[in-house]
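For reference, the structure discussed in these notes is given below.
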DNA sequence: TCCGGCAA
DNA sequence: TTGCCGGAT
């Protein structure tokens, strides 16, 4: 049952970080942050990132430790946030309440429309990324002058869209194989791990298996996606063969006497997701590192020693790229 | 979440 | 080839 089945079909190769110099990647913020959240929580004592009020801001530690990787390789990140999560307004409480109500309405609407799958997924994502985490992350990224985009729905879909149509954006950044189904021309994976990233190539994948985008999505649905279980007995090989033979998902389902709940809706989630072109990117970054330090350490009482290395790396890389312009 | 081993 | 389980992370 799974998304990882796509890995066996996808054209993926390791790419040295150096080759990404000067490029721009639209990062699925939730996917990226979650990796750092789990490692921070796992390896760091919780008093480091918990304020006197008991608010946990491990995300700030994660960001400070994760961002240098981008800066050091002159790879510009654009953080793309999931929609359905609140923005900090003047009256915080009021804004939160309104947002929650709007979100409840969305859930209700989604359910009424028989789109329980989509609702469930938004719900799962929103639960993990709390409002505090979202707000404080945005603020810290603002201080560090990292461009950010608010997706109308899923950050992943928005990132893939930007990689597809925005000339300034070269890649989507996410570990999720869904990016392939979303048509991201090139997806960078493993931006959070030690070694070099992987690049996943959409066109090359289609050509390798002689598939259209729609057919690739259908193969994915047969194997199973985040929105459906997949058909028993169908892995990547069998699904590929079946789609070739019958042309599309409906052909296969008819031939097998199988049914996928909301199949047409799931297809649309990949082929025509809810995304926007209404955003501005200022890619000339001039981070205010002192302000960022102050924000994290003083405002959120995060222990300084845990962060100093990260800030130092950011500082060094900013100086470095500054010098590069003269060489 | 990812990977290897293993049964069917 | 698929699906499941255990172990490492």
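Residue numbers (full-length UniProt numbering): 1 to 327.
Glycine included, each C-beta is placed from N, C-alpha and C at the ideal position.
Remember, it's a predicted structure, so these values are computed and weren't measured experimentally.
Close beta carbons around residue i, own chain, < 6 angstroms, minus the five adjacent residues each side
{"i": "residue 273", "result": "157"}
{"i": "residue 190", "result": "197, 198"}
{"i": "residue 239", "result": "219, 222, 223"}
{"i": "residue 204", "result": "11"}
{"i": "residue 174", "result": "28, 31, 156"}
{"i": "residue 93", "result": "Low confidence applies to residue 93: its pLDDT is 42, below 50, so where it sits in the model is not reliable, and the reading given next is rough at best. No residues qualify anywhere along the chain."}
{"i": "residue 181", "result": "217, 220, 270"}
{"i": "residue 244", "result": "none"}
{"i": "residue 327", "result": "Its pLDDT being 41, under 50, residue 327 is placed unreliably by the model, and nothing is read from it."}
{"i": "residue 275", "result": "157, 158, 161"}
Contacts around residue i, its chain only, beta-carbon distance under 8 angstroms, and the 5 residues preceding and following it disregarded
{"i": "residue 266", "result": "117, 221, 225, 227, 228, 260"}
{"i": "residue 214", "result": "248, 267, 271"}
{"i": "residue 29", "result": "79, 80, 81, 82, 137, 148, 155"}
{"i": "residue 279", "result": "149, 150"}
{"i": "residue 4", "result": "177"}
Bounding residues of the alpha helix (DSSP H) (the contiguous stretch that carries residue i)
{"i": "residue 225", "result": "No alpha helix (DSSP H) contains residue 225, which DSSP labels as neither H nor E."}
{"i": "residue 81", "result": "From DSSP, residue 81 is part of no alpha helix (DSSP H) but of the beta strand (DSSP E) over 76-81."}
{"i": "residue 241", "result": "236-246"}
{"i": "residue 161", "result": "155-165"}
{"i": "residue 168", "result": "That residue, residue 168, is in no alpha helix (DSSP H); it is neither H nor E in DSSP."}
{"i": "residue 264", "result": "263-271"}
{"i": "residue 180", "result": "178-181"}
Alpha carbon of residue i to alpha carbon of residue j, nearest angstrom
{"i": "residue 129", "j": "residue 310", "result": "23 angstroms"}
{"i": "residue 50", "j": "residue 297", "result": "11 angstroms"}
{"i": "residue 186", "j": "residue 38", "result": "26 angstroms"}
{"i": "residue 202", "j": "residue 65", "result": "30 angstroms"}
{"i": "residue 9", "j": "residue 236", "result": "7 angstroms"}
{"i": "residue 87", "j": "residue 147", "result": "Low confidence applies here, because residue 87 scores a pLDDT of 35, under 50, leaving its location unreliable; read the following figure in that light. Taking the straight line from one Cα to the other gives about 15 angstroms."}
{"i": "residue 166", "j": "residue 11", "result": "23 angstroms"}
{"i": "residue 330", "j": "residue 47", "result": "No answer is possible for residue 330: the residues shown for the chain start at 1 and end at 327."}
{"i": "residue 70", "j": "residue 76", "result": "6 angstroms"}
{"i": "residue 144", "j": "residue 74", "result": "14 angstroms"}
{"i": "residue 302", "j": "residue 292", "result": "12 angstroms"}
{"i": "residue 277", "j": "residue 131", "result": "24 angstroms"}
{"i": "residue 178", "j": "residue 231", "result": "18 angstroms"}
{"i": "residue 18", "j": "residue 171", "result": "15 angstroms"}
{"i": "residue 6", "j": "residue 257", "result": "24 angstroms"}
{"i": "residue 162", "j": "residue 207", "result": "22 angstroms"}
{"i": "residue 141", "j": "residue 40", "result": "18 angstroms"}
{"i": "residue 54", "j": "residue 300", "result": "11 angstroms"}
{"i": "residue 200", "j": "residue 44", "result": "32 angstroms"}
{"i": "residue 160", "j": "residue 152", "result": "13 angstroms"}
{"i": "residue 16", "j": "residue 193", "result": "13 angstroms"}
{"i": "residue 242", "j": "residue 262", "result": "20 angstroms"}
{"i": "residue 319", "j": "residue 253", "result": "58 angstroms"}
{"i": "residue 295", "j": "residue 164", "result": "35 angstroms"}
{"i": "residue 250", "j": "residue 134", "result": "40 angstroms"}
{"i": "residue 13", "j": "residue 56", "result": "37 angstroms"}
{"i": "residue 312", "j": "residue 281", "result": "26 angstroms"}
{"i": "residue 139", "j": "residue 233", "result": "47 angstroms"}
{"i": "residue 211", "j": "residue 195", "result": "32 angstroms"}
{"i": "residue 52", "j": "residue 42", "result": "20 angstroms"}
Residues that residue i bridges to, as DSSP identifies them
{"i": "residue 138", "result": "Bridge partners of residue 138: none, in fact."}
{"i": "residue 173", "result": "27, 188"}
{"i": "residue 50", "result": "56"}
Boundaries (first-last residue) of the beta strand (DSSP E) holding residue i
{"i": "residue 148", "result": "148-150"}
{"i": "residue 12", "result": "11-14"}
{"i": "residue 254", "result": "Premise fails: residue 254 lies in the alpha helix (DSSP H), 249-256, not in any beta strand (DSSP E)."}
{"i": "residue 298", "result": "Per DSSP, residue 298 belongs to no beta strand (DSSP E) and is neither H nor E."}
{"i": "residue 201", "result": "198-201"}
Cβ shell of residue i (< 7 angstroms), same chain only, five flanking positions each side left out
{"i": "residue 315", "result": "289"}
{"i": "residue 209", "result": "9, 240"}
{"i": "residue 255", "result": "246"}
{"i": "residue 317", "result": "68, 71, 72"}
{"i": "residue 20", "result": "73, 75"}
{"i": "residue 24", "result": "76, 78, 168, 169, 170, 283"}
{"i": "residue 22", "result": "74"}
{"i": "residue 264", "result": "none"}
**OP:** Give a yes or no on contact between the stretch 283-296 and the stretch 25-36, applying the rule of three or more CB pairs nearer than 8 angstroms.
**Re:** With a cut-off of 8 angstroms, the stretch 25-36 and the stretch 283-296 do not count as touching, because too few Cβ pairs lie within range.
Original post:
Using 8 angstroms as the threshold, is the stretch 52-72 in touch with the stretch 292-307, meaning 3 or more CB pairs across them?
Top reply: Because the criterion of three Cβ pairs below 8 angstroms is met, the stretch 52-72 and the stretch 292-307 touch.
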